[in-house]
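Notes follow the structure.
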Amino acid sequence: MESLGSLILYFIVALSMIVFSVMAVTTRKILRAATYLLFTLFAAAVVYFMLDYEFLGAVQIAVYAGGIVVLFVFAILLTSRPGDNTERLTSKSRLLGAIAAVAMLVVAGYALVSRTMVAFAAKPAMEAPDMDAVGTALLGTGHGQYLLPFEAVSILLLACIIGGVVVARKR
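For what it's worth, my numbering labels the leading residue of the sequence shown as 664, then goes sequentially.
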């Protein structure tokens, strides 16, 4: 019975992620888009909690839902008038966007189906990693570890903040 409840909760969370993601990219008000992104990131944290990855769920809330969305809102308020609507897309832009969306849907569907078939063919024995292994994999400096990309993203975000302040000061 617990499995049925988890499945229902998963579909509710997945549906909310889809709905808020679509709303984030289709709204014409930029602060509403940031708010919808926040809801999408909270739903992703719920998925982590459902998978019993409490640490990743907490990091998702603290870093992405907390820090990154606040950074986006800060940049929006510094560089634009948040009450203004963005301009409507021209028909050429819509057609190009629809073609790109369909192409990405095909690529993602192929990747999902091909990986699922491989997973069903041979299931390796998996054990739950401890937090030390996750931390070492994410912030290690060896082969296949992610300290360099992590630092590159932090420098990119710092450059975005500085750029937003420079643009805001010119006004």
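Beta carbons: idealized from backbone N, C-alpha and C, even for Gly.
Asked: DSSP beta-bridge partners of residue 755; Found: None, per the DSSP bridge assignment.
Asked: Residues near residue 799 by beta carbon distance below 8 Å, same chain, minus five either side; Found: 808
Asked: Assigned exposure category for residue 813 - 16 Cβ within 10 Å defines buried; Found: exposed
Asked: Buried or exposed by the 16-neighbour rule on C-beta atoms within 10 Å, applied to residue 678; Found: exposed
Asked: Local Cβ density within 10 Å of residue 706, reported as buried at 16 or more and exposed below that; Found: buried
Asked: Given residue 821 as reference, the closest of 730, 695, 762 and 683 once Cα atoms are compared; Found: 730
Asked: Alpha helix (DSSP H) segment containing residue 693, residue limits; Found: 693-713
Asked: Own chain partners of residue 794 with C-beta closer than 7 Å, once the 5 adjacent residues on each side are dropped; Found: 718
Asked: Helix, strand or coil at residue 809 [DSSP, three-state]; Found: coil
Asked: Which of helix, strand or coil DSSP assigns to residue 795; Found: helix
Asked: Alpha-carbon to alpha-carbon, residue 764 and residue 758; Found: 10 Å
Asked: Which of helix, strand or coil DSSP assigns to residue 689; Found: helix
Asked: Residue span of the alpha helix (DSSP H) that contains residue 717, given as start and end; Found: 717-722
Asked: Residue 790 (DSSP reduced to helix, strand or coil); Found: coil
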